[in-house]
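Participant: Be aware that the sequence shown starts at 1, since it is given in full-length UniProt numbering, and climbs by one per residue.
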Amino acid sequence: MTSTTDANADAPTPDGYGELRAQLDTLTTEAFRPELAEIDQLPTPEIARIMNGEDSTVPAAVAEKLPQIAAAIDATAERMARGGRLIYAGAGTAGRLGVLDASECPPTFNTDPSEVIGLIAGGPSAMVKAVEGAEDSKELAAADLDALGLTADDTVVGISASGRTPYAIGAVEHARGKGALTIGLSCNAGSGLAAAAEHGLEVVVGPELLTGSTRLKAGTAQKLVLNMLSTITMIRLGKTYGNLMVDVRASNEKLRARSRRIVSLATGASDEEIETALTATDGEVKNAILTILGGVDGPTAATLLADSHGHLRAALAAVRTT
């Protein structure tokens, strides 16, 4: 009598399935953890404790790659200072994290939406619903980048927990062929994505609590690295003054209140002085600070900041030497 297991082993499989399964079997992010096989039988507080313990290991994994992350950031900032863009490309959770990071740059750093861009395999609809087969296409990634008019000053970050996603690898390969800076962010060692990129960032966080659910530790690790990549790049580009978001875009009441508070923290000025400065500079926080600390009017502040490529400290230095 033939067992069910034997029958399944001999049954035909879809084209490429056997090869893909063999690849997944080698990935740390896909590893099965037998010690957690009964996790569904545990009390909820115990599951939460275990999950919290798993999450606590992620920052240490990121810390191991700080030199490589810093090198990628400096290279990105250099390109962006020349007018280049930061472009994320990924599928599924990885793609959504890239879109999230890109979408938060305009309100935080007053960047134009065209400066930091998130591409997700399958397009915007894939943010909420998977698009069949999109992540498996390198050609789709190349087409998405070509639609942006990719240049050698741009930086393309391929994001993939497994490090094998064709869309992410295809984006990096195509971008590198165009002379753009390339970064490959994955959570497995020896990944194809890291090998394809100029800067390979492999943050290995180990097997997941739920086998293969890379929205967990791997997703957290990717979010931490993307936070660093965009935030520190913006610091290097002069989008902050100390740890103050002086390029914040006041698009709602909360941000308008934050703008006034930032000017206050930077200058120590009175509420009346702050209102006058913000009115004179059309609400631009950085310009308002310069008018107060530098003793200049709004148009002069704008000129000084343009001459200093948006760096407030440099503009202040220019005022003090005149």
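For each residue, glycine too, the CB sits at the ideal point set by N, CA and C.
1) What would DSSP say about Gly-170, mapped onto helix, strand or coil?
2) For Thr-182, does the three-state DSSP call read helix, strand or coil?
3) Taking three-plus beta-carbon pairs below 8 Å as touching, is the region 64–72 in contact with the region 91–111?
4) For Asn-188 versus Thr-57, is the C-beta spacing smaller than 7 Å?
5) By the DSSP assignment, the alpha helix (DSSP H) with Thr-76 in it spans what residues?
6) In angstroms with no decimal places, state the Cα-to-Cα distance between Val-204 and His-309.
7) Got a sec: is the Cβ-Cβ distance from Met-228 to anything in chain D below 7 Å?
8) Classify Val-116 as helix, strand or coil using the three-state DSSP reduction.
9) Near Arg-79, which residues of its chain fall below 6 Å by C-beta distance, leaving aside the five closest residues on each side in sequence?
10) Starting from Thr-220 and walking both ways along the alpha helix (DSSP H), at which residues does that stretch end?
11) Any idea what DSSP makes of Gly-95, helix, strand or coil?
12) Between the C-alpha atoms of Thr-2 and Ile-120, what's the straight-line distance to the nearest angstrom?
13) Buried or exposed: where does Phe-32 fall if 16 or more other Cβ atoms within 10 Å of its Cβ makes it buried?
14) Quick one: what does DSSP say Ala-175 is sitting in, helix, strand or coil?
Facilitator: Answer, in terms of the structure:
1) Looking up residue 170 in the sequence shown gives position 170. Looking at Gly-170 - three-state DSSP - the assignment turns out to be helix.
2) As a first step, residue 182 must be located in the sequence shown, where it is residue number 182. Three-state result, Thr-182: strand.
3) no
4) Counted from its first residue, the sequence shown places residue 188 at position 188. Counted from its first residue, the sequence shown places residue 57 at position 57. Cβ atoms of Asn-188 and Thr-57: not closer than 7 Å.
5) Residue 76 sits at position 76 when you count from the first residue of the sequence shown. Element bounds for Thr-76: 66–81.
6) The residue you call residue 204 lines up with position 204 of the sequence shown. The residue you call residue 309 lines up with position 309 of the sequence shown. When rounded, the distance between both Cα atoms is 38 Å.
7) Note that chain D does not occur in the displayed structure, where there is just one protein chain.
8) By one-based count along the sequence shown, residue 116 stands at place 116. In the structure shown, Val-116 sits in a strand (DSSP, three-state: E or B).
9) Within the sequence shown, numbered from 1, the residue matching residue 79 stands at position 79. Same-chain partners within the cutoff: Asp-153, Thr-155, Leu-181.
10) Working through the sequence shown from its first residue, we reach residue 220 at position 220. Per DSSP, Thr-220 belongs to the alpha helix (DSSP H) from 217–236.
11) For the purposes of this step, residue 95 is taken as the residue at position 95 of the sequence shown. Three-state result, Gly-95: helix.
12) Position 2 of the sequence shown, counted from the first residue, corresponds to residue 2. Position 120 of the sequence shown, counted from the first residue, corresponds to residue 120. Confidence in Thr-2 is poor, its pLDDT being 41 and thus under 50, which makes the residue's placement unreliable; the coordinate value appears in the next sentence. It is roughly 45 Å from the alpha-carbon of Thr-2 to the alpha-carbon of Ile-120.
13) Position 32 of the sequence shown, counted from the first residue, corresponds to residue 32. Exposed, since its Cβ has fewer than 16 Cβ neighbours within 10 Å.
14) Translated into positions along the sequence shown, residue 175 becomes position 175. Ala-175: helix per DSSP, three-state reduction.
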